[in-house]
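This report refers to the structure that appears directly beneath it.
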Amino acid sequence: MKDHVMNIAGGMFGLALVGASAAVHAEAQVTGTSGFFSSEAAHTYSGEDHWSKFRNTLGLSADGVLNDSLSWKASTWLRYDPVYDNSSYYPHDVRADQRHEFQLRETYLDWSAGSWDFRFGRQQIVWGEMVGLFFADVVSARDMREFVMADFDQIRIPQWAARAEYFEDDFHAEAIFIPFQNYDEIGKPGADFYPYPPGCPAANCRILNERKPRDGNDDMAAGLRLGYLIDGWDVAGFYYRSTDTSPSFERSIIMQDGVPFIEYKPDHNRIQQWGLTVGKDLGEGMVFKSEAIYTQGRRYDVLRFSDADGLVRKDTFDYVLGLEYSGDASSRVNVQFFQRIYDDYDEDMIPDRVESGASLYLTRKFWGDRLEPEVTFIRSTNRDDWALRPRLTWHVNQDVQAIVGVDVMHGPPDGLFGRFTNDDRVYGEVRVNF
1 MKDHVMNIAG GMFGLALVGA SAAVHAEAQV TGTSGFFSSE AAHTYSGEDH WSKFRNTLGL
61 SADGVLNDSL SWKASTWLRY DPVYDNSSYY PHDVRADQRH EFQLRETYLD WSAGSWDFRF
121 GRQQIVWGEM VGLFFADVVS ARDMREFVMA DFDQIRIPQW AARAEYFEDD FHAEAIFIPF
181 QNYDEIGKPG ADFYPYPPGC PAANCRILNE RKPRDGNDDM AAGLRLGYLI DGWDVAGFYY
241 RSTDTSPSFE RSIIMQDGVP FIEYKPDHNR IQQWGLTVGK DLGEGMVFKS EAIYTQGRRY
301 DVLRFSDADG LVRKDTFDYV LGLEYSGDAS SRVNVQFFQR IYDDYDEDMI PDRVESGASL
361 YLTRKFWGDR LEPEVTFIRS TNRDDWALRP RLTWHVNQDV QAIVGVDVMH GPPDGLFGRF
421 TNDDRVYGEV RVNF
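Shown next, in the form of structure tokens:
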């Protein structure tokens, strides 16, 4: 099936590119420019007290048209964080990784042809969106250097892709082809939110350089998504074949001067995913949303040393049920329940065979909608593992906002949030749009 998906997608987008090229018959016109500047500071107060962020970001964007059927967009981020220039708290590799960076954001060409829309270039492809965690949003790569403690629009990394969409009444079809993938940014060992494997960090544990596939089919991805609006129910299903954007850590044990050392190498393997998303406006401000994903072939850690690489391939079924209430435009209440079920469970895996959790999100605007307090709480129901994120946003005007907040994580060392229990922080941000 994967070869058919790749061949069909590649052929379809090749024809679309030819059509788009033939349609160009006018000079490019810039129709709009925009940008923002943000300054973010964070101080980590649990564990070893230290400044963990003073990131300054300049975002620039322009869009325009070529003719009646062709349009374009280009955007970029420039970032600099003096914490990683002036502090000796972090290892050299971490400072080099997070000191400054240039990110090409959404930069693409759009072609509209009747019921068909095509997009070619670096773009965000979001197939699912819930509160606080990622579920059916399988296409996006993610910047995980702040775990999930940043806004999702900052976490998501655009993919270089060709996308075709077809619209007919209540039916929507979408096909994507990614010739070479972007992968999750996990940072470097020694960073605050580095996803250490079991047993690390430790004196006898080493993390090797990450392997990101950069050859042929191992670096391609393709998918198909079909959606239909039925009696107010927005239902969509998808199939996606890719290399896992999130790494697994291959383990090897070596002897050095008679002392055993454990080496871990972050690596990525091929997976397949089938998904279903459902949404329904229930009326009177109530909205129901649900996502379900079956993932085949992903690798997970096992604790037994008799396993050659410390990993086992397991199929998983994830689902989330969400209910959101908006009494008016100034308030929201969102509750979610989610589970992951492991097929052919291995007793030496860290998580339980069925992992469950719940989340609560509350917000309400005050003072003419200028002050917006909000709180996000996510908790495992299997163990005492949770994250609490209260924050306050002051909308100074339509172009300026100031934010203060706290990120608190608690749980066992092998918990989703507990592994970062020494990274609790207070933070602030000022953002100016122009």
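Going by full-length UniProt numbering, the first residue of the sequence shown is number 1, and it counts up by one from there.
Each residue gets a CB set at the ideal place from its N, CA and C atoms; glycine is no exception.
Given the structure is predicted, the values throughout are model-derived calculations rather than measurements.
For residue j and residue i, the rounded distance between their alpha carbons
i, j, result
"Asn397", "Arg122", "31 Å"
"Asp63", "Ser112", "16 Å"
"Ile178", "Asp49", "42 Å"
"Leu60", "Phe434", "9 Å"
"Gly428", "Asn182", "29 Å"
"Ser306", "Leu388", "38 Å"
"Met286", "Pro201", "46 Å"
"Leu362", "Phe135", "20 Å"
"Tyr240", "Gln273", "5 Å"
"Leu70", "Tyr196", "46 Å"
"Met130", "Ser34", "28 Å"
"Ile157", "Asp137", "12 Å"
"Arg163", "Ser88", "45 Å"
"Thr421", "Asp348", "24 Å"
"Glu146", "Val400", "24 Å"
"Phe102", "Ala28", "25 Å"
"Gln154", "Arg353", "32 Å"
"Glu263", "Asp192", "20 Å"
"Gln159", "Asp257", "45 Å"
"Leu282", "Val139", "29 Å"
"His100", "Gly190", "17 Å"
"Gly227", "Trp127", "11 Å"
"Phe152", "Gly132", "8 Å"
6 Å CB neighbourhood of residue i in its chain, flanking five on each side removed
i, result
"Lys188", "Asp93, Val94 and Asp97"
"Arg194", "First, the amino acid is wrong: residue 194 is Tyr here, not Arg. Cβ within range, chain order: Gly187."
"Phe317", "Tyr294 and Ile341"
"Val430", "Ser39 and Ala402"
"Leu321", "Ser290 and Phe337"
"Val278", "Val235 and Ser290"
"Leu58", "Phe37 and Leu78"
"Gly114", "none"
"Asp414", "Ile350"
"Gly275", "Ala136, Phe238 and Ile293"
"Lys212", "Tyr183"
"Ala42", "Ser52, Lys53, Arg425 and Tyr427"
"Gln296", "Gln272 and Asp315"
CB of residue i within 8 Å of CB of residue j, strictly
i, j, result
"Glu106", "Met144", "no"
"Pro198", "Leu303", "yes"
"Ser52", "Arg419", "no"
"Leu360", "Phe337", "no"
"Ile254", "Ala222", "no"
"Asn269", "Ser248", "yes"
"Asp423", "Gly47", "yes"
"Lys265", "Gly232", "no"
"Val83", "Thr31", "no"
"Ile125", "Ala161", "yes"
"Val312", "Asp343", "no"
"Lys314", "Tyr300", "yes"
"Pro373", "Arg383", "no"
"Tyr90", "Asn56", "no"
"Gly310", "Arg214", "no"
"Asp117", "Glu165", "yes"
"Trp72", "Tyr45", "no"
Neighbourhood of residue i by C-beta distance below 7 Å, restricted to the same chain and skipping five residues each side
i, result
"Pro390", "Val375, Gly405 and Val406"
"Asp244", "His268, Asn269, Ile271 and Arg298"
"Gly357", "Phe338, Ile378, Arg379, Ser380 and Thr381"
"Pro260", "Asn204 and Ile253"
"Leu229", "Asp170"
"Leu416", "Ser380 and Asp385"
"Pro412", "Arg383, Asp385 and Gly418"
"Asp219", "Phe180, Gln181, Pro213 and Thr243"
Residue i: CB within 7 Å of a non-hydrogen atom of the ligand NAD
i, result
"Leu311", "Of ligands this structure carries none, so the ligand NAD is not represented either."
is_contact[residue i, chain D] using C-beta, thresh 8 Å
i, result
"Asp184", "Among the protein chains of the structure shown there is no chain D, as only one such chain exists."
Neighbourhood of residue i by C-beta distance below 8 Å, restricted to the same chain and skipping five residues each side
i, result
"Ser21", "With a pLDDT of 49 at Ser21, under the threshold of 50, the modelled position of that residue is not reliable, and the figure given next carries that caveat. Once the five neighbours on either side are set aside, Ser21 has no close Cβ partner at all."
"Ala150", "Asp143"
Jot down the residue ranges of each uninterrupted alpha helix (DSSP H) in the stretch 76 to 129, minimum 4 residues, whole runs only, in chain order. Complete alpha helix (DSSP H) runs here, min 4: 83 to 86 and 92 to 98.
For the stretch 392 to 410 against the stretch 362 to 376, are there 3 or more C-beta pairs whose distance is under 8 Å? yes
Say whether the stretch 225 to 245 touches the stretch 169 to 185, bearing in mind that this needs 3 or more beta-carbon pairs closer than 8 Å, one atom from each stretch. Cβ pair count under 8 Å is three or more, so yes.
Those runs of the beta strand (DSSP E) which lie wholly inside the stretch 346 to 430 and span at least 3 residues: 354 to 364, 371 to 380, 386 to 395 and 400 to 410
Tell me the start and end of each unbroken beta strand (DSSP E) in the stretch 197 to 249 that is at least 3 residues and wholly inside, in chain order. 205 to 207, 221 to 230 and 233 to 243
Along the chain, which unbroken stretches of the beta strand (DSSP E) at least 3 residues long are found entirely within the stretch 278 to 319? 286 to 301
Can you give, in chain order, each stretch of the alpha helix (DSSP H) that sits fully within the stretch 118 to 197 and has at least 4 residues? 152 to 155
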